[in-house]
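**Q** Numbering (the working numbering), first residue to last: 5 to 224. Glycine included, each C-beta is placed from N, C-alpha and C at the ideal position. Since we're looking at a predicted model, the values are computed, not measured.
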Amino acid sequence: MTAAISPFRWLSGNSALGEIFCVSFFRGLTPAEVLRRFGPEGATNRAMNMRDLWELVDEYTHLSRGGNGGGYVGVLQAGEWSVALEPLGWYAVLNQFWLRLSRGCEMVAVSRHDYAEDDFVHVIDGELFTRFSPRQSTHRWGRVPDALNPALSRAGLPTEDLDGVVSAAWDRSYGDRIARAFAVAAEVTGVTFTRELLDGPLLVGPVDQSPLSGPQPENV
Numbered sequence: 005m006t007a008a009i010s011p012f013r014w015l016s017g018n019s020a021l022g023e024i025f026c027v028s029f030f031r032g033l034t035p036a037e038v039l040r041r042f043g044p045e046g047a048t049n050r051a052m053n054m055r056d057l058w059e060l061v062d063e064y065t066h067l068s069r070g071g072n073g074g075g076y077v078g079v080l081q082a083g084e085w086s087v088a089l090e091p092l093g094w095y096a097v098l099n100q101f102w103l104r105l106s107r108g109c110e111m112v113a114v115s116r117h118d119y120a121e122d123d124f125v126h127v128i129d130g131e132l133f134t135r136f137s138p139r140q141s142t143h144r145w146g147r148v149p150d151a152l153n154p155a156l157s158r159a160g161l162p163t164e165d166l167d168g169v170v171s172a173a174w175d176r177s178y179g180d181r182i183a184r185a186f187a188v189a190a191e192v193t194g195v196t197f198t199r200e201l202l203d204g205p206l207l208v209g210p211v212d213q214s215p216l217s218g219p220q221p222e223n224v
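1) Give the DSSP bridge partners of LEU206, in chain order.
2) Just tell me which of VAL61, LEU105, LEU67 has its CA closest to the CA of GLU90.
3) Given this structure, state the Cα-to-Cα distance separating LEU207 from PHE197, to the nearest angstrom.
4) VAL188 and LEU216 - do their beta-carbons sit closer together than 8 Å?
5) Take PRO35 as the anchor and find which of ALA82, GLY70, GLU45 has the nearest alpha-carbon.
6) Rounded to whole angstroms, what is the Cα-Cα separation between ARG147 and LEU132?
7) Report all residues from its chain with a CB closer than 6 Å to the CB of THR193; omit the five preceding and five following residues, and keep chain order.
8) Just how far apart, CA to CA, sit LEU80 and VAL87?
9) Is it buried or exposed for THR134, if we count other Cβ within 10 angstroms and need 16 for buried?
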């Protein structure tokens, strides 16, 4: 179990992505195709590094006062999956977004939000198959809420209500909940989301705010 989550422990605590972020995986889509689904019609995108993306996000959150996510998403290719990074964002786990993001493809997303709710979603062609909060993985819903139970168990996420002794043990390992969720995502996608992936180039574009009536970010 420890070995299963070791590659993802960098996403817990003071991670390089901070305390609020969302990472989503799309099977069979290119980064450009993913950005077209995230962005408003006619949006442009360009290649950047992680530092450039953070600068855009900082500018947008200053404008929006942080209530509308990071405003921008960076996407990279990892095998047959594209991986989308939303610093200070959470849109891929909102149903207003995953309905269109997952159209005609399979999508997995993990969101960390230390001041609200963490989330995990597995969606295929607009249909929610499994969803749970890494904070409370015993409560799952979707078309097949228990489909990922073996993966959850291997990652150390409980799938059934806990008695007092087990609950205390879970409380002690609570800080690893995000690492455990990414271990589950890796079982579904085959993508190990390592820190080194952030060192490569990203294709970056704006996130369409119209579903949530937020201020629209500028093109890159």
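**A** With the given structure in hand:
1) Residue 206 sits at position 202 when you count from the first residue of the sequence shown. Partner(s): MET52.
2) Within the sequence shown, the letter at position 86 stands for residue 90. Taking only the C-alpha atoms, the option nearest GLU90 is VAL61.
3) Residue mapping note: residue 207 aligns to position 203 of the sequence shown, counting from 1. Residue mapping note: residue 197 aligns to position 193 of the sequence shown, counting from 1. Answer to the nearest angstrom: the Cα atoms are 17 Å apart.
4) Taking the sequence shown and counting its residues from 1, one reaches residue 216 at position 212. Taking the sequence shown and counting its residues from 1, one reaches residue 188 at position 184. No, these two residues do not count as a Cβ contact at 8 Å.
5) Walking along the sequence shown from the start, residue 35 turns up at place 31. With distances taken between Cα atoms, PRO35 lies closest to ALA82.
6) What you label residue 147 is simply residue 143 of the sequence shown in a count that begins at 1. What you label residue 132 is simply residue 128 of the sequence shown in a count that begins at 1. Going from the Cα of ARG147 to the Cα of LEU132 covers about 6 Å.
7) One-based indexing of the sequence shown puts residue 193 at position 189. Here the set comprises PHE29, TRP85, VAL112.
8) Locating residue 80 in the sequence shown gives position 76, where the first residue counts as 1. Locating residue 87 in the sequence shown gives position 83, where the first residue counts as 1. Spanning the two alpha carbons is a distance of roughly 5 Å.
9) Position 130 of the sequence shown holds residue 134. By the beta-carbon neighbour count (other beta carbons within 10 angstroms, threshold 16), THR134 is buried.
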